[in-house]
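So the sequence shown is numbered by numbering that gives the first Met the number 0: it starts at 0 and just counts up by one.
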Amino acid sequence: MANPYASADMDPFAEDFRRAPPPQAMQPVDPAPPAPGAPQQFYSPSGHASQASQPYVPPQQQPIPLSQADAAAAAPPPIDPRARELQTGAFWKMEFYQQFFDIDTKQVLLRMANTLIPMNPPDFLMDRNWHGASGGNVLSTRDDKVFEEAGVVLNRNPDLYGPFWITTTLWMTLAVVSNIMDKIAYERNAQSVIDGTTAPSTGWAYNFTMASVACVTMYTYCFGMGAIIWGLMKWKSLPVTYLDAVCLYGYSMFIFLLVAILCMIPVTGLQWVFVLVGGAWSTLYLLINFWTVWKVALERSWFFFVVGLVVVMHMLLSMSFKFYFMNYSL
């Protein structure tokens, strides 16, 4: 296209071109060096404006996801309840006693139900072969068998949770039932006074002494007799621990708890039936679990002595229900 102006003097933009500085080549600008220890950042070609503040990690530096098999192998193994070993020492710490109460409610209920059908050993004695059912050595130590019931892996360790709370509930129940029977006897005696058949008596009051006696008696018998039986068996080098003996004695008291509840029926004859049958059944539970190991390991004289001691002491405890705690004329 031709210049419409005849000369440069007639061009109004000529002076602007003459005054403008000559163009210069652009110099590359070096980026500022990163701070020491700062993570290296990369530009993500597929990143969006909202993700500009997040550093881009190249695919070769991203962690490789583990497969399900690798993840299962890397995970810590589950805790096997039958593999728990009892800790010793540091008895002044709470953790030492916590291990004796490490049991769930379902297993406690299973052990309580076992006292009602004592033909099978409780779960904490299943691997001892004390019943001699499998024909193995009754004096052998524990094996690695897994015992399950209703799909639950059974705890092979004795506990103190069940014995403690069964005994506690028993003496409280005895105290309540005893005072209920005392109140019923008082009301019947008061009715006899109204009818003129008996002499009047003093007013009725709650007997707190009965609760104290029941508390001392039940705790002493459960943990004391367990200690005596354990001491005799320890003397004869039998593989029995104090927890084994106390656990058996503690759960055997569950039968007496049922007896105490049934004795709320104000019929003397029925109370005698409940006491005698309950005492015999609780004694049978102890003998079934101890019988084979005593028969195999003890001399004849010692065998009859220990069996007689268990039977006599257990039946004396049963008789205390009628001769002391519920000794009322109904």
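No residue lacks a Cβ here, since even glycine has one placed at the ideal position from N, Cα and C.
Backbone CA spacing between residue 241 and residue 226 [nearest angstrom]: 6 Å
For residue 183 and residue 265, the rounded distance between their alpha carbons: 8 Å
Ranges of the alpha helix (DSSP H) found wholly within the segment 199–267, counting only runs of at least 4: 207–218, 224–234, 241–261
Alpha-carbon to alpha-carbon, residue 298 and residue 276: 30 Å
Cα-Cα separation, residue 219 to residue 317: 15 Å
Neighbourhood of residue 124 by C-beta, 7 Å cutoff - its chain only, sequence neighbours within 5 removed: Closer than 7 Å at the Cβ level, and outside the excluded window around residue 124, lie 288.
Per-residue DSSP class, three states only, for residue 92: Note: residue 92 maps to coil in three-state DSSP.
Which listed residue (291, 254, 212) has its alpha carbon closest to that of residue 280: Checking every option, the nearest Cα to that of residue 280 belongs to 254.
Residue 112 burial status per 10 Å Cβ neighbour count (16 or more: buried): With fewer than 16 other Cβ atoms within 10 Å, it is exposed.
Residue environment, residue 202, which counts as buried when at least 16 other CB atoms sit within 10 Å: Counting Cβ neighbours within 10 Å, residue 202 comes out exposed, since fewer than 16 surround it.
Cβ neighbour criterion (16 or more within 10 Å) applied to residue 156: buried
Cα-Cα separation between residue 290 and residue 106, rounded to whole angstroms: 24 Å
8 Å Cβ cutoff met for residue 172 and residue 108: No, the pair does not count as a contact, with Cβ atoms beyond the cut-off.
Where residue 103 falls: helix, strand or coil (DSSP): coil
Range of the contiguous alpha helix (DSSP H) that encloses residue 304: 299–319
Cutoff 6 Å; reference residue 132; Cβ partners in own chain excluding five residues on either side: Because residue 132 sits at a pLDDT of 46, beneath the cut-off of 50, its placement in the model cannot be relied upon, and the following sentence gives the value as read from the coordinates. Nothing listed; no residue qualifies.
Spatial distance of residue 115 from residue 262 (CA atoms): 18 Å
Outcome for residue 270 when other beta-carbon atoms lying within 10 angstroms are tallied against a minimum of 16: buried
Pair within 8 Å by beta-carbon distance, residue 206 and residue 188: no
When 121, 217, 249 are compared against residue 320, the one with the closest alpha-carbon: 217
Which of helix, strand or coil DSSP assigns to residue 327: The answer is coil: DSSP assigns residue 327 none of H, G, I, E or B.
Which of helix, strand or coil DSSP assigns to residue 159: Note: residue 159 maps to coil in three-state DSSP.
Close-in-space but distant-in-sequence residues of the same chain around residue 245 (CB under 8 Å, 5 per side omitted): Listed in chain order, the non-local C-beta contacts of residue 245 below 8 Å within the same chain comprise 157, 159, 162, 221, 222, 225, 226, 229, local neighbours out to five positions each way being set aside.
Residue 176 classed as buried or exposed, judged by whether at least 16 other C-beta atoms fall within 10 angstroms: buried
Straight-line Cα distance separating residue 95 from residue 213: 29 Å
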